Amino acid sequence: MCQRCGAEIEDINHLLFECPPAFLCWILSSIPSSPGVFPCSSLFANFEYLLAQVTTENQNALDFSIFPWLLWYVWKARNDKCFNAKDISPLDTLQLARQEGETWKKAQLGMEHQYTCQVDGSWAVNDDWMGAGFVLLEADEVLLQGQRCGRRAKSPLHAEVEGIIWAMKEVRNRGLDDIDFGSDCQQLVKLTGGDEEWPALAAELDEVRLLLSNFQNVSFSFVPRSQTFRADSLAKGGRSRAQIFSVVNTMVPFWPAPVARLNEPV
1 MCQRCGAEIE
11 DINHLLFECP
21 PAFLCWILSS
31 IPSSPGVFPC
41 SSLFANFEYL
51 LAQVTTENQN
61 ALDFSIFPWL
71 LWYVWKARND
81 KCFNAKDISP
91 LDTLQLARQE
101 GETWKKAQLG
111 MEHQYTCQVD
121 GSWAVNDDWM
131 GAGFVLLEAD
141 EVLLQGQRCG
151 RRAKSPLHAE
161 VEGIIWAMKE
171 VRNRGLDDID
181 FGSDCQQLVK
191 LTGGDEEWPA
201 LAAELDEVRL
211 LLSNFQNVSF
221 SFVPRSQTFR
231 ADSLAKGGRS
241 RAQIFSVVNT
251 MVPFWPAPVA
261 RLNEPV
C-alpha cells in the first residue's frame, strides 16, 4: 500500500509518477505534461518521453533537464513519509530538485562560455526615465545589441537588475544558453550570484533565479566600465530618449546621450 496516498498497489510507476504528490510535482515543473501522454500509467512510456526530449535536438530540452533530480527527490519524499513520518510538499520537492540541478550545473563550469553579454543600466534621481543596454559577443564579434527606455525604477540597483532580467530573456529567447553576463555593478554581481540578500529586490531576484534554470551554463562577472562602454552608451542613450521603447537587433541606432552623461554617472 502507498503510504502517501493510500493506493492499494505501490509500484515504481505509481511512486514516481502517479501518486498525487508525485504527479503534482511533474505538473508544477517546467516539463510539459499532457493527459494520457505524460505522466501516464506506463513506466517505460514515461521514461521514453523524458529521455527522448533531452537526447534529441529540442529547443525546449532545458525544460526537461531537471527530471533526474526531480525523480530523486520524489523518491526521497516517499521515503521520508514511510520511514520518518515526514510530509514533504510537492512545491518543496520541486524546489529541492531545482537547487540540486543548479548546483550540478555550476560544477560543470570548467570551460569558457561561448558567449558574453555585457549589460548596463542608466538611472538619474532627477530624471523620470531609465535606460538599459546590452551587447552580446562571441569572442570579439558583436552578435546582438539591445537598447530600451522605461519609467524610472526605485533605485540605480533596481535599474541594473531590470536590465539584466531583460537581457537574459532576450538572449534565451534566441536559443542561447552558454553565457557569461558581465556588469560594472559589483553589487548586482553579488546579488545574482546569491552571495547577498536584498529584501527590496526580492521579487526581481526571484525572477533572475527562475531565468537561471533555463540556461545550461551561465555565470555573472564583474567587468570594469572601461570594458562595458558599449552597453553603457546604449543604456544612457536609451534613457536620453525619454519615451518607452525597446529594440533588439544586430544593428542598433546610436542615440546620443549628452543629457544622460551630464546628469548621472550610472
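Note that the UniProt record's numbering gives residue 100 to position 100 of the sequence shown, counting from 1, and the numbers run on in steps of one.
Cβ coordinates follow ideal geometry from the N, Cα and C atoms, glycine included.
This structure is a prediction, so every number in the text was calculated from the model and none was measured.
Give the DSSP bridge partners of residue i, in chain order.
{"i": "Trp129", "result": "Arg151"}
{"i": "Asp184", "result": "The partner list for Asp184 (beta bridge, DSSP) is empty, contrary to what the question assumes."}
{"i": "Phe134", "result": "Val119 and Gly146"}
{"i": "Phe17", "result": "Answer by DSSP bridge pairing: none, since Phe17 is not bridged."}
{"i": "Asp178", "result": "Asn217"}
{"i": "Glu10", "result": "DSSP output for Glu10 lists no bridge partner at all."}
{"i": "Glu141", "result": "Glu138"}
{"i": "Ser34", "result": "Phe38"}
So, are the CB atoms of residue i and residue j less than 9 Å apart?
{"i": "Arg205", "j": "Val171", "result": "At residue 205 the sequence reads Leu, which differs from the Arg that was named. Cβ atoms of Leu205 and Val171: not closer than 9 Å."}
{"i": "Ala167", "j": "Gly146", "result": "yes"}
{"i": "Ser29", "j": "Ala97", "result": "yes"}
{"i": "Leu148", "j": "Trp123", "result": "According to the sequence displayed, residue 148 carries Arg and not Leu. For Arg148 and Trp123, no; Cβs fall outside 9 Å."}
{"i": "Cys40", "j": "Phe67", "result": "no"}
{"i": "Ile165", "j": "Leu137", "result": "no"}
{"i": "Asp180", "j": "Cys117", "result": "yes"}
{"i": "Asp120", "j": "Ala235", "result": "yes"}
{"i": "Leu144", "j": "Asn249", "result": "yes"}
{"i": "Ser213", "j": "Glu102", "result": "yes"}
{"i": "Leu70", "j": "Ile31", "result": "yes"}
{"i": "Gln216", "j": "Ser33", "result": "no"}
{"i": "Phe245", "j": "Gly238", "result": "yes"}
{"i": "Cys25", "j": "Val74", "result": "yes"}
{"i": "Leu43", "j": "Asp11", "result": "yes"}
{"i": "Phe134", "j": "Gly163", "result": "yes"}
{"i": "Lys105", "j": "Val218", "result": "yes"}
{"i": "Ser155", "j": "Ala200", "result": "yes"}
First and last residue of the beta strand (DSSP E) that includes residue i?
{"i": "Val74", "result": "Per DSSP, Val74 belongs to no beta strand (DSSP E); it is in the alpha helix (DSSP H), Phe67 to Asn84."}
{"i": "Phe23", "result": "First-last for Phe23: Pro20 to Leu28, but that is the alpha helix (DSSP H), not the beta strand (DSSP E)."}
{"i": "Ser246", "result": "Phe245 to Asn249"}
Within the continuous alpha helix (DSSP H) that includes residue i, where are the two ends?
{"i": "Trp54", "result": "Going by the sequence as given, residue 54 is Val instead of Trp. Unbroken alpha helix (DSSP H) run through Val54: Leu43 to Val54."}
{"i": "Val171", "result": "Pro156 to Asn173"}
Any chance you could list the alpha helix (DSSP H) runs of at least 4 consecutive residues sitting entirely within the region 185 to 234, in chain order? 186 to 192 and 202 to 212
Contact between the region 118 to 133 and the region 189 to 202: three or more CB pairs below 8 Å? no
Within the chosen definition, does the region 216 to 224 reach the region 175 to 188 through at least 3 CB pairs nearer than 8 Å? yes
Determine, using beta-carbon pairs with one atom in the region 87 to 96 and one in the region 16 to 26, whether at least three such pairs fall under 8 Å. yes
Could you tell me whether the region 111 to 126 touches the region 80 to 90, where touching means 3 or more Cβ pairs closer than 8 Å? no
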